[in-house]
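A.B. asks: Numbering (our numbering), first residue to last: 14 to 409. Dropping a structure here in structure tokens format, bear with me for questions.
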Ligand code: FAD
Ligand code: SF4
């Protein structure tokens with residue numbers, strides 16, 4: 014029997030999307046699952062509580078600050094591969110788990126994102142069926158990526174056991190339609206995500222920030238309060254956060270990312286990032302038993318240590334609110350000095366992650382309040398409102 018959604022038709026790339034300017038190009042609307050867009054789209058229907066309940070068996074406990082920040086979890090740890098994968102974003106824990114899931118037969122395919130042949134930063138979502146195809150997807154494509162555009166192929170090819178790798182907005186929409194995909198088992202391996210950009214926005218960011226935009230192959234906003242660029246000749250360039258040309262970069266981030274409150278990918282089974290771990294380590298958040306099962310598969314490839322936390326972020330976050338709002342850019346010598354001081358005495362480990370979450374949630378709350386006042390109450394989840402309420406925001 015034909016399911017209701019199979020009669021729908023996905024939209025062509027570049028045609029307007031239901032979420033309009035707020036669309037994060039998650040890919041759902043490229044498929045016949047657009048049929049469910051009103052309920053499924055992260056920007057049309059905020060439904061964390063329901064989806065956390067569905068995924069983890071309970072919503073996050075708002076009385077518990079750790080859950081408020083990092084979502085439902087069984088454990089957090091810092092880890093790195095003893096033999097890192099060359100060319101991965103960090104040490105390649107995500108790619109290693111994906112390969113182990115496929116090779117152990119737990120899944121038959123992995124939704125991940127490679128890059129197009131012509132451009133190292135243009136995303137090309139695929140259902141990987143081999144080790145080589147997973148490895149070809151390693152490293153971030155730091156642009157909005159329509160990962161869910163391959164969902165139709167999942168149902169049509171009769172895949173029954175699937176791993177999806179993705180960022181928060183993609184996973185929110187996936188969770189809302191997962192029981193329509195005809196799967197017997199779904200695993201979700203997430204990464205945190207923030208400040209993503211369109212391909213054009215990425216170009217502007219690179220040209221405004223790097224000394225050599227055309228040779229950048231990889232970049233990351235690191236825990237030492239600097240952006241680290243890796244260039245194709247193997248050299249590294251660092252630029253202090255406080256020296257970024259915020260006045261020029263204010264509009265570079267996608268409106269979807271300026272209104273997102275799912276930095277830590279609360280609906281994945283396992284999240285692999287870096288921001289709650291010491292410099293050079295990855296940060297793992299195991300949310301449920303499926304997440305633990307994925308981690309256990311690669312445990313013998315990892316060196317681990319407990320997560321730690323030091324410092325107090327509150328004053329730095331409060332000061333960053335007007336600085337960002339007014340687009341203040343420091344001269345480079347002052348930016349380096351502030352960076353050095355804050356690196357020495359500033360927040361570390363989980364406190365750094367809280368610093369980053371607070372700075373982005375306050376900024377995004379102001380963005381939604383100014384640009385989408387009619388959406389504010391329903392769109393901002395209770396955990397994010399509680400985080401934002403710790404700070405004094407400008408009246409307008
Ligand atoms: P690898 O083994 O190199 O694998 C990377 C995986 O990411 C691949 O499987 C690929 O399919 C997937 N991927 C690449 N680009 C995208 C994309 N655009 N959308 C969806 N999936 C993608 N971590 C933090 O702690 N704080 C952050 O602020 C943060 N921001 C991020 C922003 C973006 C846009 C992305 C994609 C990731 C971000 N991360 C962040 C996660 C972090 O940068 C690493 O991706 C993560 O730690 C995994 O590293 P790895 O070496 O294990 O990954
Ligand atoms: Fe569709 Fe995804 Fe855009 Fe929402 S974010 S309008 S679900 S493509």
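Backbone N, C-alpha and C define an ideal beta-carbon position, used for all residues, glycine too. This one's a predicted model, so the numbers in the text were calculated from it and none came from an experiment.
By DSSP, does residue 211 sit in helix, in strand, or in coil?
C.D. replies: coil
A.B. asks: At a cut-off of 7 Å, is residue 55 close to the ligand SF4 when judged by its beta-carbon and the heavy atoms of the ligand?
C.D. replies: In terms of side-chain proximity, the C-beta atom of residue 55 is found nearer than 7 Å to a non-hydrogen atom of the ligand SF4.
A.B. asks: Could you have a look at residue 197 and say whether DSSP puts it in helix, strand or coil?
C.D. replies: Three-state result, residue 197: coil.
A.B. asks: Alpha carbons only, please: which of 129, 385, 373 and 191 is nearest the one belonging to residue 400?
C.D. replies: 373
A.B. asks: Tell me which residues share the same chain as residue 69 and place their Cβ nearer than 7 Å to its Cβ, disregarding the 5 neighbours each side in the sequence.
C.D. replies: 85, 300 and 301
A.B. asks: Sort 60, 114, 259 and 236 by Cα distance to residue 199 and report the nearest one.
C.D. replies: 114
A.B. asks: Where do the N-terminal and C-terminal ends of the alpha helix (DSSP H) with residue 89 fall, by residue?
C.D. replies: No alpha helix (DSSP H) contains residue 89, which is instead part of the beta strand (DSSP E) from 88-94.
A.B. asks: Contact check, residue 269 vs residue 41 under 8 Å by CB: the rounded distance?
C.D. replies: Actually they do not touch by this definition, with Cβ atoms about 13 Å apart.
A.B. asks: Once you ignore the five residues that flank residue 121 on each side, which residues in its own chain have a CB closer than 6 Å to its CB?
C.D. replies: 172 and 174
A.B. asks: Spatial neighbours of residue 39 within its chain, please: CB distance less than 6 Å, with the 5 preceding and 5 following residues excluded, ordered by chain position.
C.D. replies: 161, 182, 183 and 186
A.B. asks: Applying the criterion that 16 or more other CB atoms from any shown protein chain within 10 Å of the CB defines a buried residue, is residue 279 buried or exposed?
C.D. replies: A residue is called buried once 16 or more other Cβ atoms fall within 10 Å of its Cβ, and residue 279 is buried on that count.
A.B. asks: Relative to the C-alpha of residue 221, which candidate in 398, 261 and 148 has its C-alpha closest?
C.D. replies: Nearest C-alpha to residue 221: 261.
A.B. asks: Answer with buried or exposed for residue 251, where buried requires no fewer than 16 other C-beta atoms within 10 angstroms of its C-beta.
C.D. replies: exposed
A.B. asks: Report all residues from its chain with a CB closer than 8 Å to the CB of residue 98; omit the five preceding and five following residues, and keep chain order.
C.D. replies: So the list reads 104, 105, 108, 109, 148 and 151, once near-sequence residues are dropped.
A.B. asks: Please indicate yes or no: does the CB of residue 165 lie closer than 7 Å to some heavy atom of the ligand SF4?
C.D. replies: no
A.B. asks: Can you give the beta carbon distance from residue 238 to residue 223, rounded, assuming they're within the 8 Å contact cut?
C.D. replies: Contact flag wrong, Cβ pair sits at about 17 Å.
A.B. asks: Where does residue 377 land, buried or exposed, given buried means 16+ other C-beta within 10 angstroms?
C.D. replies: buried
A.B. asks: Measuring CB to CB, does residue 32 end up less than 8 Å from residue 57?
C.D. replies: yes
A.B. asks: Spell out the partners DSSP gives residue 128 in its beta bridges.
C.D. replies: 136
A.B. asks: Are residue 3 and residue 360 touching if we call contact CB-CB under 8 Å?
C.D. replies: Nothing in the structure corresponds to residue 3, since the chain is present only between 14 and 409.
A.B. asks: Using a threshold of 7 Å, is the CB atom of residue 152 nearer than that to any non-hydrogen atom of the ligand FAD?
C.D. replies: yes
A.B. asks: Could you name the residues of the same chain whose beta carbon sits closer than 8 Å to that of residue 231, not counting the 5 residues immediately before and after it, in chain order?
C.D. replies: 102, 152, 153, 242 and 243
A.B. asks: Could you tell me the alpha carbon to alpha carbon distance between residue 285 and residue 246, rounded to whole angstroms?
C.D. replies: Here the alpha carbons of residue 246 and residue 285 stand approximately 28 Å from one another.
A.B. asks: I need the straight-line Cα distance from residue 194 to residue 169, nearest angstrom please.
C.D. replies: 9 Å
A.B. asks: Just the Cα atoms here: how many angstroms apart are residue 226 and residue 219?
C.D. replies: 5 Å
A.B. asks: With H, G and I counted as helix, E and B as strand and the rest as coil, what does DSSP make of residue 312?
C.D. replies: Residue 312 falls in the helix class under three-state DSSP.
A.B. asks: By the DSSP assignment, the alpha helix (DSSP H) with residue 251 in it spans what residues?
C.D. replies: Secondary structure note for residue 251: it is in no alpha helix (DSSP H), and the uninterrupted beta strand (DSSP E) holding it is 249-253.
A.B. asks: Of the residues 49, 135 and 274, which one's Cα is nearest the Cα of residue 214?
C.D. replies: 135
A.B. asks: Taking all protein chains shown into account, do 16 or more other C-beta atoms lie within 10 angstroms of the C-beta of residue 27, making it buried, or fewer, making it exposed?
C.D. replies: exposed
A.B. asks: Does the ligand SF4 have even one heavy atom less than 7 Å from the beta-carbon of residue 28?
C.D. replies: no
A.B. asks: So for residue 317, helix, strand or coil by DSSP?
C.D. replies: strand
A.B. asks: When DSSP builds the beta bridges, which residues end up paired with residue 295?
C.D. replies: 92
A.B. asks: My parser needs the beta strand (DSSP E) runs of 3 or more residues fully inside the region 157-193; what are they?
C.D. replies: You should have 174-179.
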